[in-house]
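Novice: This is the structure, below, for whatever I ask next.
There are 2 protein chains.
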Amino acid sequence: MKVLILGGAGMVGRNLALRLVADGALGGQPVEELTLFDVVPADVQGSGRTRVVAKTGDISDRATVDALVAERPEVIFHLAAVVSGEAEADFDKGYRINLDGTRHLFEAIRALGDYHPRVVYTSSIAVFGAPFPEAIGDEFLTAPMTSYGTQKMIGELLLNDYSRRGIFDGVGIRLPTIVVRPGKPNKAASGFFSGIIREPLAGMDALLPVDDDVMHWVASPASATGFLLHAATMDTAPLGARRCLTMPGLAITVGEMVAALGEVAGPEAVARIRREPDQTIRGIVAGWPRNFDAARAAEFGFTADASFQDIIRAHIRDTAAAG
Amino acid sequence: MKVLILGGAGMVGRNLALRLVADGALGGQPVEELTLFDVVPADVQGSGRTRVVAKTGDISDRATVDALVAERPEVIFHLAAVVSGEAEADFDKGYRINLDGTRHLFEAIRALGDYHPRVVYTSSIAVFGAPFPEAIGDEFLTAPMTSYGTQKMIGELLLNDYSRRGIFDGVGIRLPTIVVRPGKPNKAASGFFSGIIREPLAGMDALLPVDDDVMHWVASPASATGFLLHAATMDTAPLGARRCLTMPGLAITVGEMVAALGEVAGPEAVARIRREPDQTIRGIVAGWPRNFDAARAAEFGFTADASFQDIIRAHIRDTAAAG
Ligand SMILES: NC(=O)c1ccc[n+]([C@@H]2O[C@H](COP(=O)([O-])OP(=O)(O)OC[C@H]3O[C@@H](n4cnc5c(N)ncnc54)[C@H](O)[C@@H]3O)[C@@H](O)[C@H]2O)c1
Ligand SMILES: NC(=O)c1ccc[n+]([C@@H]2O[C@H](COP(=O)([O-])OP(=O)(O)OC[C@H]3O[C@@H](n4cnc5c(N)ncnc54)[C@H](O)[C@@H]3O)[C@@H](O)[C@H]2O)c1
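Protein chains in written order, with the working numbering: chain A, 1360 to 1682; chain B, 1360 to 1682.
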């Protein structure tokens, strides 16, 4: 089969690509060709079984998307997006890529008429906005408080409608904040959740812009890959009209994260964290969800991490493996 | 002040225009100019106080919308839409008018930069989809089951985001099904709710395609006008980030509607109703909301009809007045 990842050079896309090449298969079917599309070139190597094709371009150009879709991949992972901080800072860019780009993909598929792939779309818990109940259930309203959340939610609505009409077979997964994000920080306002673990483990200082009692919903990069694979292969019939699911995660406070870091890596690591309250980030984070009851995702077989300590240990292993 | 109604020749728009001309004012301020924009020419007469300008065009043409917005009306009522049945039958037309047209309006306002009007947007209870709780509260998820509902919900999300950013001052009102709709039936799948009252009162037969126990959420044309005027003049600060409200209405079954018709107009009227089950309409209606707890709208001062008998009597008066 052919698989296409839009945003294939990004953090989540790259991990997914590595896993697909390692498995050489998806849902029991061999993956002969894996196309990684992104504005920047992806650096994943193929294998004897799986040919990897890296392509560059912009999903906000309809013709580019038409050309990708013309290859009729059986599964499309749509991860290409401008993240929260950037979509908030650049109104036009956020709408052009996150909304128009998503529509281009959906319309390109519709234009073919007889092509109905599985489409896995990465939404975000940013589709929710305060005030919240103690734990956000699957029937709680989506009321985004950022342009990014708005764009992600519009993508969800379109995915549901196009799927309902049989244009494609969509699954939307609302990712928790992925922690520990490897590599360099990106422009997401949630970056510090990873920074306070990643930087100290690398012997560097990290800034903590919010209070210790800030609670958030997180999952590891490996869990994100697991969600995507499951979304690509699950039976979608029982989802009915509601094809977008809040993914499982851990509800954890910043204080608990720091304590877990101390447990796994010792007090020297914790000492690397510098508390520098930032009113802007505090304000943004105050509107973010803290805790979920992701019952539907659990019912449909999605699973996440057992503990934050495990997440930290996995990050240490991954970093060592990456050299 | 200047007021603009997009969809000003439609049922709700025309009633609103008549009321604005009769009042000659909105929120205590004189309305000097009222522009009625629609694909078909509006036929509302102005008064000495209020000049009425009827313009024709299509909101899916950006330049047309730019020209309307260049007049900088203080209040814009955005009612222009392709209704549910048509948006379901014609995918492209629904998205072009209901989604792209709405975006054109919002973007035309943003393009001016220093112009921040009140924008009142008519959403619909079609943003909700089954399964439902006994009564749908203000925190229940929106999960549309039609393309029309999807497009209306996307408009809500955009309205919230543009308002949050201070581009305009938006209020979205989710109208119940407006009953009794005067004049000819339109292409809305909900048309029969009005037909079973309007046709018998006019001495004509009416088809009833669903069962008597179908419950629905309705409000009168006069209530719709009242909602719009209130949305145009209310203080929006207490709405916070959630600027779209389910309007109050009556939860009533088809059987109760028919009984009310009998009470007001006698058994001859009821005898005009012919039960002809239609599987397609039944299927559509099965996914529609039945009952709401519209507490937030009530809290913000929106009020609706006291009884269905009153709604029928108002329709009889309006029809007589219209000759
Ligand atoms: N990482 C998280 O915590 C998180 C949480 C919720 C949702 N998500 C979503 O998951 C997806 C992947 O996240 P990530 O962490 O890998 O983000 P990322 O920023 O690392 O990857 C996104 C990729 O999309 C690419 N991209 C941006 N604009 C593009 C365009 N116009 N055309 C083609 N490619 C474009 C970027 O170059 C980048 O490589 C995104 O859609 C993101 O919004 C991520
Ligand atoms: N009547 C109801 O029961 C009800 C319920 C919920 C929501 N709404 C919404 O309220 C609004 C008004 O409803 P209505 O009952 O008056 O509908 P309507 O169909 O009578 O009026 C809509 C008007 O919009 C005009 N229009 C359509 N496409 C246009 C375009 N491209 N450019 C300019 N004008 C265009 C139509 O010509 C029509 O006159 C609509 O947005 C509708 O979706 C109505």
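We put the beta carbon where it would ideally sit given N, CA and C, even for glycine. Please read these numbers as outputs of a predicted model, since none were measured by experiment.
Have a look at B:G1367, B:G1416, B:A1429 and flag the residue whose alpha-carbon is nearest the alpha-carbon of Q1404 of chain B.
Specialist: Looking at the Cα atoms, B:G1367 is the closest of the given residues.
Novice: Just to confirm, does L1534 of chain B get its C-beta within under 8 Å of one of the non-hydrogen atoms of ligand 2?
Specialist: True, at least one ligand heavy atom lies under 8 Å from that Cβ.
Novice: List the residues of chain A that E1498 of chain B touches, going by C-beta distances under 7 Å, in chain order.
Specialist: Chain A residues near E1498 of chain B: F1499, L1500.
Novice: Kindly list the residues whose CB is nearer than 6 Å to the CB of A1489 of chain B, restricted to its own chain and excluding five residues on each side of it in sequence; keep chain order.
Specialist: Counting only Cβ-Cβ distances below 6 Å, and skipping sequence neighbours, we find G1646.
Novice: In angstroms with no decimal places, state the Cα-to-Cα distance between L1609 of chain B and E1493 of chain B.
Specialist: Computed Cα separation, rounded: 14 Å.
Novice: Count the other CB atoms, across all protein chains shown, that sit within 10 Å of the CB of R1373 of chain A; report buried if there are 16 or more and exposed otherwise.
Specialist: The residue is buried, with at least 16 neighbouring Cβ atoms inside 10 Å.
Novice: Check whether the segment 1572-1590 of chain B touches the segment 1532-1539 of chain B, taking contact to mean three or more Cβ pairs, one atom from each stretch, closer than 8 Å.
Specialist: In short, these stretches touch, since the Cβ pair count reaches three.
Novice: Mind checking P1476 of chain B: buried by the 16 CB within 10 Å criterion, or exposed?
Specialist: Label assigned to P1476 of chain B: buried.
Novice: Nearer than 8 Å: is that true of the beta carbon of I1456 of chain A relative to any heavy atom of ligand 1?
Specialist: Flag set: Cβ of I1456 of chain A near ligand 1.
Novice: Mind the definition here: the segment 1382-1397 of chain B touches the segment 1618-1625 of chain A only if three or more C-beta pairs lie below 8 Å; say whether that holds.
Specialist: The segment 1382-1397 of chain B vs the segment 1618-1625 of chain A: no contact.
Novice: Chain B partners of I1513 of chain A, CB-CB under 7 Å?
Specialist: Going along chain B in sequence order, the residues near I1513 of chain A (Cβ under 7 Å) are I1513, L1516.
Novice: Which full runs of the alpha helix (DSSP H) of 4+ residues lie inside the segment 1550-1580 of chain A, going along the chain?
Specialist: Complete alpha helix (DSSP H) runs here, min 4: 1550-1560.
Novice: Closest by CA to R1602 of chain A, which one among A:D1459, A:A1413, A:E1558, A:D1528?
Specialist: The shortest C-alpha separation from R1602 of chain A is found at A:D1528.
Novice: Leaving out five residues before and five after T1409 of chain A in sequence, what residues of the same chain have Cβ atoms less than 6 Å from its Cβ?
Specialist: Result list for T1409 of chain A: V1380, G1383, V1390, L1393, in chain order.
Novice: With G1660 of chain B and M1606 of chain B assumed to form a contact (beta carbons below 8 Å), what rounded beta-carbon distance in angstroms separates them?
Specialist: In fact, because the Cβ distance is near 12 Å, the residues do not count as touching under 8 Å.
Novice: Measure the C-alpha to C-alpha separation of F1651 of chain A and I1495 of chain A and round it to an integer number of angstroms.
Specialist: Roughly 4 Å separates the two Cα atoms.
Novice: Pair every Cβ in the segment 1500-1516 of chain A with every Cβ in the segment 1507-1516 of chain B, then say whether three or more of these pairs are closer than 8 Å.
Specialist: Short answer: they touch.
Novice: Would you say the beta carbon of R1421 of chain B comes nearer than 8 Å to a heavy atom of ligand 2?
Specialist: For ligand 2, not one heavy atom lies less than 8 Å from the Cβ of R1421 of chain B.
Novice: Got a sec? Which residues, its chain only, sit under 6 Å from I1549 of chain A by beta carbon, not counting five neighbours each side?
Specialist: Per the sequence shown, residue 1549 of chain A should be read as Ser rather than Ile. Answer for S1549 of chain A: T1536, listed in chain order.
Novice: Quick one: is A1600 of chain B near chain A, going by C-beta distance under 9 Å?
Specialist: It does: the Cβ of A1600 of chain B has a partner Cβ on chain A nearer than 9 Å.
Novice: Against chain B, does G1646 of chain A count as a neighbour if the rule is that its beta carbon must be under 9 Å from one of theirs?
Specialist: Yes, G1646 of chain A lies at the interface with chain B (some Cβ there is under 9 Å from its Cβ).
Novice: Taking all protein chains shown into account, do 16 or more other C-beta atoms lie within 10 angstroms of the C-beta of T1584 of chain A, making it buried, or fewer, making it exposed?
Specialist: Label assigned to T1584 of chain A: buried.
Novice: Does D1520 of chain A have its Cβ less than 9 Å from a Cβ in chain B?
Specialist: Judged by the 9 Å Cβ criterion, D1520 of chain A is in contact with chain B.
Novice: Runs of 4 residues minimum, wholly inside the segment 1652-1682 of chain B: which ones carry the alpha helix (DSSP H) assignment?
Specialist: Taking only runs of at least 4 residues, the alpha helix (DSSP H) segments lying wholly in the segment 1652-1682 of chain B are 1654-1658, 1667-1680.
Novice: Count the other CB atoms, across all protein chains shown, that sit within 10 Å of the CB of S1666 of chain A; report buried if there are 16 or more and exposed otherwise.
Specialist: Result: exposed.
Novice: Between A:T1612, A:T1415, A:V1613, A:E1558, which lies nearest to T1678 of chain A when the distance is taken from Cα to Cα?
Specialist: Ranking A:T1612, A:T1415, A:V1613, A:E1558 by Cα distance to T1678 of chain A puts A:E1558 first.
Novice: Three-state secondary structure (DSSP) at L1395 of chain B?
Specialist: Three-state DSSP puts L1395 of chain B in a strand.
Novice: Are V1530 of chain A and L1567 of chain A closer than 9 Å when you measure CB to CB?
Specialist: Result no, Cβ atoms of V1530 of chain A and L1567 of chain A do not sit closer than 9 Å.
Novice: Can you confirm whether M1504 of chain A, when its beta carbon is compared against all beta carbons of chain B, has any partner nearer than 9 Å?
Specialist: Yes, its Cβ sits closer than 9 Å to a Cβ of chain B.
Novice: Mind pulling the chain B residues with CB within less than 7 Å of G1488 of chain A?
Specialist: What G1488 of chain A touches in chain B: A1600.
Novice: Any beta carbon of chain A sitting closer than 9 Å to that of P1492 of chain B?
Specialist: Taking Cβ atoms only, chain A reaches closer than 9 Å to P1492 of chain B, which makes this a yes.
Novice: Who does P1389 of chain B pair with in a DSSP beta bridge?
Specialist: Answer is B:A1384.
Novice: Pop quiz: L1363 of chain B and I1435 of chain B are said to be a contact at Cβ under 8 Å. What is the actual Cβ separation, rounded to whole angstroms?
Specialist: Their Cβ separation, rounded to whole angstroms, is 5 Å, which keeps L1363 of chain B and I1435 of chain B in contact under 8 Å.
Novice: Would you say R1469 of chain B faces chain A, with C-beta separation under 9 Å as the test?
Specialist: R1469 of chain B counts as touching chain A.
Novice: If I'm right that T1501 of chain B touches L1587 of chain A with Cβ under 8 Å, what's the distance once you round it to whole angstroms?
Specialist: Incorrect: roughly 26 Å between the Cβ atoms, too far for contact.
Novice: Ligand 2 and M1574 of chain B: does the residue's C-beta get closer than 8 Å to at least one heavy atom of that ligand?
Specialist: No; taking the cut-off as 8 Å, the Cβ of M1574 of chain B has no heavy atom of ligand 2 nearer than that.
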